[in-house]
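This report refers to the structure that appears directly beneath it.
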Amino acid sequence: MRGVVVDDAGKPAARTTVSLHSREAEPGNGDVSMMNLGGARTWYPSLGLGPAVATTSTDSQGAFEFSSVHEGDWLLRAESEWGYIEQTKRDIQGVGKQAVSVSRKDVTDIGIRLITNFNLPLTVDIEDAPGAAGPGRVNVVLVPVDGGPEVCGMAPKQNENPIMDRTYPGEYRVIAQTFRPGFYVASVDYAGRPVSDEPVEIESGPQPLHVVLRSHAGQVRGVIEKGQAAAVLLLSASNAGTGIVQGVECAAGALFQFDNLHPGAYEIVAFDRVEDAKFGDPAFVARLHTMTKSIRVEEGANASMELPVNRWPD
């Protein structure tokens with residue numbers, strides 16, 4: 452493989468690190484990320500790059516080369532050194548990537564263009580509590596659909612203008628959660644367009660990612676049969692295809708509880724243990740949906756139930 456890396460102005464990018472990653476992942480070995488909010492965890496699938504098979508640096512003309520690359524599908528990722536802009540007090544880095552398929556001959560015309568991170572504004576409104584102190588305790592994660600590092604942001608305090616400062620243009624899935632007591636994430640929009648479970652194209656510029664919170668969040672609480680300890684999992688029935696799973700640990704003889712829930716249909720199940728890595732397998736998460744009990748969460752209401760403990764699936 453041979454190619455050239457250029458910066459966002461189209462000039463050769465010298466001393467840029469280029470790494471080679473295999474795209475031939477084994478079935479069922481997807482990546483999974485986890486977010487902690489209070490005592491609850493949320494697992495969600497992510498498309499990581501996997502370990503680098505080989506790494507090199509570009510020369511003074513931005514050129515790079517990998518020799519003896521076997522046939523298959525590959526991803527090249529280029530990263531410049533981090534820099535700092537004094538005027539704006541920003542850390543910046545150029546990154547770029549290119550998918551390449553190798554057959555029985557050399558690939559010699561690869562071009563990778565670096566793009567620079569930008570500040571994505573993050574705004575939070577409380578829909579039905581005007582004047583409430585603080586905009587919200589909101590965590591937002593942007594998960595790139597074509598692989599790579601996630602972008603995280605938080606809006607914790609009043610009178611701040613929070614930003615997600617290491618955002619790159621691209622297509623992302625947006626995951627937003629709040630742990631402000633009694634509230635839930637009612638909606639998310641970007642540049643005035645609603646954000647659903649489908650990926651959204653994030654562009655460099657001043658358009659904000661906007662989160663709306665609403666009071667009277669639903670709760671799910673309950674007990675485990677025979678007072679056993681368990682890991683309780685909660686899955687949304689309406690977006691089962693996203694692979695997002697919430698979980699709380701329940702000690703022996705204790706109650707379990709999920710807070711900050713959007714009204715809707717959910718599925719719930721308790722296990723004797725969990726293995727984080729399993730949540731990266733879409734087929735495994737789909738299997739979990741066949742083992743659950745259904746429960747309906749209403750706005751401002753507490754749904755209660757008793758659960759048996761299941762053995763964690765092998």
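In my numbering, the protein residues as written are 452 to 765. The beta-carbon is built from N, C-alpha and C at its ideal position, and this holds for glycine as well.
Measure the alpha-carbon distance for Thr507 versus Val520 and round it to whole angstroms.
Each residue's Cα considered, the two are about 13 Å apart.
Could you check the C-alpha separation between Cys603 and Gln544 for me, to the nearest Å?
Each residue's Cα considered, the two are about 16 Å apart.
Looking at the secondary structure, which residues open and close the alpha helix (DSSP H) in which Pro620 lies?
Looking at the DSSP string, Pro620 is not in any alpha helix (DSSP H), and its letter there is neither H nor E.
How many Å lie between Ala716 and Ala754 at the Cα?
Straight-line Cα distance between these residues: approximately 11 Å.
For my contact list, Phe567 and Asp459 are in at a C-beta cut-off of 8 Å; report their separation, rounded to the angstrom.
Checking the displayed sequence, the identity of residue 567 turns out to be Thr instead of Phe. That pair is a contact at about 6 Å.
Going by alpha carbons, who is nearest to Leu526 out of Ala491, Met485, Val469, Leu488?
Comparing Cα-Cα distances from Leu526 to each of Ala491, Met485, Val469, Leu488, the minimum goes to Val469.
Can you give the beta carbon distance from Asn711 to Gln628, rounded, assuming they're within the 8 Å contact cut?
Right, the Cβ-Cβ distance comes to about 7 Å (below 8 Å), so this counts as a contact.
How far does the alpha helix (DSSP H) with His740 in it extend, from its first residue to its last?
Counting along the chain, the alpha helix (DSSP H) containing His740 begins and ends at 733-740.
With 16 other CB atoms within 10 Å as the buried threshold, where does Val504 fall?
By the 10 Å Cβ count, Val504 comes out exposed.
Among Pro632, Ala464, Tyr619, whose alpha-carbon lies nearest the alpha-carbon of Ala656?
As written in the sequence, residue 656 is Gly, which differs from the Ala given in the question. Comparing Cα-Cα distances from Gly656 to each of Pro632, Ala464, Tyr619, the minimum goes to Tyr619.
Between the alpha carbons of Asp510 and Lys462, how many angstroms are there, rounded?
Taking the straight line joining both Cα atoms gives about 13 Å.
Quick one: what's Gly669 bridged to in DSSP?
Per DSSP, Leu712.
Could you work out which residue in Thr493, Leu488, Arg453, Thr559 is closest to Gly694 when comparing CA atoms only?
The shortest Cα separation from Gly694 among Thr493, Leu488, Arg453, Thr559 belongs to Thr493.
When we look at the beta-carbon of Gln766 and count the other beta-carbons within 10 Å, is it buried (16 or more) or exposed?
Outside the modelled stretch of the chain, which goes from 452 to 765, sits residue 766, for which no answer is possible.
Using three-state DSSP, classify Asp727 as helix, strand or coil.
Looking at Asp727 - three-state DSSP - the assignment turns out to be helix.
Taking C-alpha atoms, which residue in Pro502, Ser497, His713, Trp533 lies nearest to Phe634?
Measuring from the Cα of Phe634, the nearest candidate turns out to be His713.
Measure the C-alpha to C-alpha separation of Ser666 and Gly692 and round it to an integer number of angstroms.
About 27 Å.
Hey, could you find the ends of the beta strand (DSSP E) Gly547 is sitting in?
Its beta strand (DSSP E) spans residues 545-553.
Taking Glu654 as the reference, which of Glu622, Gly490, Ser518 has the closest Cα?
Checked all of Glu622, Gly490, Ser518; the closest Cα to Glu654 is Glu622.
Going by other Cβ atoms of all chains shown within 10 Å of its Cβ, with 16 needed for buried, is Tyr495 buried or exposed?
The residue is buried, with at least 16 neighbouring Cβ atoms inside 10 Å.
Between Pro632 and Asn487, what straight-line distance do the alpha-carbon atoms span, to the nearest angstrom?
Their Cα atoms are separated by approximately 15 Å.
Using three-state DSSP, classify Glu532 as helix, strand or coil.
In the structure shown, Glu532 sits in coil (DSSP, three-state: anything other than H, G, I, E or B).
Name the DSSP beta bridge partners of Asp542, please?
BP columns for Asp542 point to Tyr535.
Report yes if the CB atom of Gly534 is closer than 8 Å to the CB atom of Gly454, and no otherwise.
Contact: no.
Among the candidates Asp557, Val483, Ser552, whose CA atom is the shortest distance from the CA of Met452?
Residue Asp557 is the option with its Cα nearest to Met452.
Hey, how far is the Cα of Glu530 from the Cα of Val683?
If I take the Cα positions, the gap works out to 40 Å.
Tell me whether Gly692 sits in a helix, a strand or coil according to DSSP, three-state version.
Three-state result, Gly692: helix.
Note down the Cα distance separating Pro478 from Ala734, rounded to an integer number of angstroms.
Because the pLDDT of Pro478 is 45, which lies under 50, any placement of that residue in the model is unreliable, and the question is left without a value.
Given that a residue counts as buried once 16 or more other Cβ atoms are within 10 Å of its Cβ, and exposed if not, what is His740?
Counting Cβ neighbours within 10 Å, His740 comes out exposed, since fewer than 16 surround it.
Would you decide whether Thr467 is buried or exposed? Buried here means 16 or more other CB atoms lie within 10 Å of its CB.
Buried.
Whose C-beta lies closer than 7 Å to the C-beta of Val646 among residues of the same chain, with five residues either side of it excluded?
Contacts found: Val625, Val639, Asp640.
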